[in-house]
Amino acid sequence: MRITNTFTETRAVAEGAVGLVPTMGFLHEGHLSLIEAARRDNDTVVMSLFVNPLQFDRDDDLARYPRNLERDVELAAGAGADVIFAPRVGEMYPSEQLTRVSVNRLSDELEGPNRPGHFEGVATVVAKLFAGIQPHVAYFGRKDAQQLAIVKRMAADLSMPVRVIGAPIVRESDGLALSSRNIFLSQAERERALQLNRGLMSAADLVETGENDAREIIGAVHAGIGDDLKVEYVALAGQDLVQPLTELDRPAFLALAAWAGKTRLIDNVHLDVADGGYLADRGTRLARSSVLYAIGES
Ligand code: AMP
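Here the sequence shown is numbered in my numbering, starting from 7 and rising by one per residue.
Right, dumping it as structure tokens:
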């Protein structure tokens, strides 16, 4: 396992087919599942670890974003990463970043209006990672469904020679989607956050019985969540263009954002075409509690 800090050094150590897993660190099994997928398909697995200031719309969120390089190195190596590219901010942005990438339309709804500048920050840093590391394949989680759509579109629109792969959401055994930010949840907030998954899963059940009216599907999510959480949005959107749908008539995802106390959580379920109907990708559930909760126990 090598730790690199510059693009030049990273390219020099990456041989053969290169798989890239971009992350902001503070790893959990969601990140590790991407490393494992990359390990299966590539000669060299590079995981980037960079808390990208450009994509944070709130200073307090950036300041308190959890970090632990030592722990991340151990977890990434265990999952099969060959290289961890962990640049400093000054290495990633040596001078003011005047060139920005924005993917029109796909950024307009859902997370877009709630997090001004976020997707421009994401697309810009991912474009830099693709240009600087030159991976053959890049792995992203379906957890960030809109981000996945934006990165795929950016790579296609800019003729970037990289294949972008989306992987299923990894969940705690009780259904909570893994997120580095879960570390901030109190026990009571965590209990309440479980309702997000419950709402999505009952809507997924409804879809699988043949319901395709977006109002009914979204209504089922709200009914499952109840009143304990501040919900920012629940939306049904197309997987490619992230446009809100009134009817489920193409591959889509049912997404939400909500606040548990001071922590903003997102979750979704992808609805894929299967056998003349739609099948919900409910993600995978861990058999035991995530490595996130082992912190401080050893
Ligand atoms: P982050 O470190 O939050 O920027 O996430 C890095 C990558 O891991 C992104 O592609 C995320 O979509 C993915 N990811 C985060 N959480 C999960 C999860 N629970 N399951 C699968 N992928 C995830």
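Positions of the beta carbon are idealized from the N, C-alpha and C atoms, including for glycine.
Using the DSSP secondary-structure output, state which residues sit across from residue i in a beta bridge.
{"i": "HIS276", "result": "PHE259 and ASP287"}
{"i": "ILE301", "result": "Answer is none; ILE301 lacks a bridge partner."}
{"i": "PRO28", "result": "SER54"}
{"i": "ILE9", "result": "ILE90"}
{"i": "LEU271", "result": "ALA264"}
{"i": "ALA183", "result": "ARG177"}
{"i": "ASP219", "result": "GLU253"}
Which residue marks the beginning of the beta strand (DSSP E) containing residue i, and which one marks its end?
{"i": "ILE171", "result": "169-173"}
{"i": "LEU242", "result": "236-244"}
Let's test the definition: count the other Cβ atoms within 10 Å of the Cβ of residue i and tell me whether it reaches 16, buried, or not, exposed.
{"i": "SER304", "result": "Only weak support exists for where SER304 lies, its pLDDT of 49 falling under 50; the value from the coordinates is given anyway. By the neighbour-count rule (16 or more Cβ atoms within 10 Å), SER304 is not buried but exposed."}
{"i": "PRO100", "result": "exposed"}
{"i": "ASN274", "result": "buried"}
{"i": "LEU298", "result": "buried"}
{"i": "ASP78", "result": "buried"}
{"i": "LEU116", "result": "buried"}
{"i": "VAL157", "result": "buried"}
{"i": "ASP227", "result": "Just to set this straight, residue 227 is Val in the shown sequence, not Asp. When all chains shown are included, VAL227 counts as buried."}
{"i": "ASN93", "result": "For the sequence presented, residue 93 should be read as Pro rather than Asn. With 16 or more Cβ atoms within 10 Å of its Cβ, PRO93 is classed as buried."}
{"i": "MET7", "result": "exposed"}
{"i": "ALA321", "result": "The shown model of the chain, from 7 to 304, leaves out residue 321, and the question about it has no answer."}
{"i": "ALA151", "result": "buried"}
{"i": "GLY313", "result": "This structure cannot speak to residue 313, because the chain is shown only from 7 to 304."}
{"i": "SER186", "result": "buried"}
{"i": "VAL170", "result": "buried"}
{"i": "THR130", "result": "buried"}
{"i": "THR50", "result": "buried"}
{"i": "SER54", "result": "buried"}
Kindly say whether residue i, judged by its beta-carbon, lies nearer than 9 Å to any beta-carbon of chain D.
{"i": "ASP65", "result": "Among the chains in the structure shown there is no chain D, since it carries only a single protein chain."}
When every heavy atom of ligand 1 is checked, does at least one fall within less than 8 Å of the C-beta of residue i?
{"i": "THR269", "result": "no"}
{"i": "TYR145", "result": "yes"}
{"i": "GLY306", "result": "No statement about residue 306 is possible, as the shown extent of the chain runs from 7 to 304 and does not include it."}
{"i": "THR29", "result": "yes"}
{"i": "VAL176", "result": "yes"}
{"i": "SER39", "result": "yes"}
{"i": "ALA87", "result": "no"}
{"i": "LYS149", "result": "yes"}
{"i": "GLY84", "result": "no"}
{"i": "SER185", "result": "yes"}
{"i": "PHE310", "result": "Look at the range of the chain in this structure, 7 to 304, and you will see that residue 310 is not part of it."}
{"i": "LEU26", "result": "no"}
{"i": "LEU154", "result": "yes"}
{"i": "GLY244", "result": "no"}
{"i": "GLY138", "result": "no"}
{"i": "ALA92", "result": "no"}
{"i": "GLY289", "result": "yes"}
{"i": "PHE259", "result": "no"}
{"i": "ALA173", "result": "yes"}
{"i": "PHE13", "result": "no"}
{"i": "PHE190", "result": "no"}
{"i": "PHE62", "result": "no"}
Would you give the residue range spanned by the alpha helix (DSSP H) that residue i belongs to?
{"i": "GLU76", "result": "75-85"}
{"i": "VAL143", "result": "Here VAL143 belongs to no alpha helix (DSSP H); instead the beta strand (DSSP E) covers 143-147."}
{"i": "LEU212", "result": "193-214"}
{"i": "ARG111", "result": "That residue, ARG111, is in no alpha helix (DSSP H); it is neither H nor E in DSSP."}
{"i": "PHE62", "result": "Careful: PHE62 lies outside any alpha helix (DSSP H) and carries neither H nor E."}
{"i": "ALA129", "result": "124-139"}
{"i": "ARG46", "result": "35-47"}
{"i": "VAL321", "result": "Absent from the model: residue 321. The displayed extent of the chain is 7 to 304, so no value can be given."}
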